[in-house]
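What follows is one structure encoded as structure tokens, with my remarks underneath.
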Amino acid sequence: MIDYLHPENPEVRKLKQISERLKNGEIFIFPTDTVYAIVADSHSKKGVEAIYSLRKLPKDKPLSLLCKDISAASNMIEYLPNPTYKLMKKITPGPYTFILKANKNLPKPSFANHKDRHIGIRIPGHIYLEELLKIHDSTLTSTSAFTNDEFIIDIDDLESMYGKSVAAIIDGGIVKAEPSTILDCTEDEIKIVREGKGFEQVQIELGL
């Protein structure tokens, strides 16, 4: 099912309904500031398992955590290097994935099978997710809508492939297939793992 939100003022009533359904283990597809993503409540075993099943992913493959802001992310971070904190303040929300050392507060349903205590944190800069995360009192676990080595960028293709498996697909139009820039921030020196959307801004901020 394709659903719609107001592009400038997403309906709070609808977002609250989506939040409750996420808590109950349902999964949704949302447009992000990079590509479309399949999302679940990070504390919902049912929802997280549905993502793994839908994408046919191995249980030990890490997924990203979507957080509303740096403060929410810091609750699950063991060590946030000062250079990373300064960079995050400047470029988030935005199309970036920060690889960081996790503490014991990680949502267990999302990370029960992970031996590596690193997490990928996203603070997305898309109004739909920004407003949802303000309402939803949990982080979201997510992975890209991806098949046959390609990102799915068209809403009709998403409906055809996933329409019967998710609660709803939130229409964000056709998005560009631009993955996030991935930054390894587990040490004081920030390392570039993948150059993606927004990389030019990272170069400016880091003086690269």
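Sequential numbering from 1195 applies to the sequence shown in the working numbering.
Quick reminder that beta carbons are idealized off the backbone N, C-alpha and C, glycines included.
Hey, would you say residue i sits closer than 7 Å to residue j, going by beta carbons?
{"i": "Phe-1222", "j": "Val-1206", "result": "no"}
{"i": "Ala-1443", "j": "Arg-1215", "result": "Absent from the model: residue 1443. The displayed extent of the chain is 1195 to 1402, so no value can be given."}
{"i": "Pro-1287", "j": "Gly-1319", "result": "yes"}
{"i": "Ser-1268", "j": "Leu-1274", "result": "yes"}
{"i": "Leu-1260", "j": "Ser-1336", "result": "yes"}
{"i": "Phe-1224", "j": "Tyr-1290", "result": "no"}
{"i": "Glu-1324", "j": "Leu-1209", "result": "no"}
{"i": "Glu-1272", "j": "Asn-1297", "result": "yes"}
What first and last residue would you give for the beta strand (DSSP E) that runs through residue i?
{"i": "Ile-1271", "result": "1271-1273"}
{"i": "Ile-1293", "result": "1290-1296"}
{"i": "Arg-1388", "result": "1385-1388"}
{"i": "Leu-1260", "result": "1258-1260"}
Should residue i be labelled buried (16 or more other beta-carbon atoms within 10 Å of its own) or exposed?
{"i": "Ile-1368", "result": "exposed"}
{"i": "Leu-1402", "result": "exposed"}
{"i": "Asp-1227", "result": "buried"}
{"i": "Leu-1199", "result": "buried"}
{"i": "Asp-1235", "result": "buried"}
{"i": "Arg-1316", "result": "buried"}
{"i": "Met-1270", "result": "buried"}
Could you give the first and the last residue of the continuous alpha helix (DSSP H) run that contains residue i?
{"i": "Val-1229", "result": "Val-1229 -> no alpha helix (DSSP H), and no H or E assigned at all."}
{"i": "Ala-1266", "result": "1264-1268"}
{"i": "Leu-1216", "result": "1206-1217"}
{"i": "Leu-1248", "result": "1239-1249"}
{"i": "Leu-1281", "result": "1276-1285"}
Bridge partners for residue i per DSSP, in chain order?
{"i": "Ile-1223", "result": "Ile-1232, Ile-1363"}
Inside the stretch 1306-1394 only - alpha helix (DSSP H) runs reaching at least 4 residues:
1321-1329, 1349-1356
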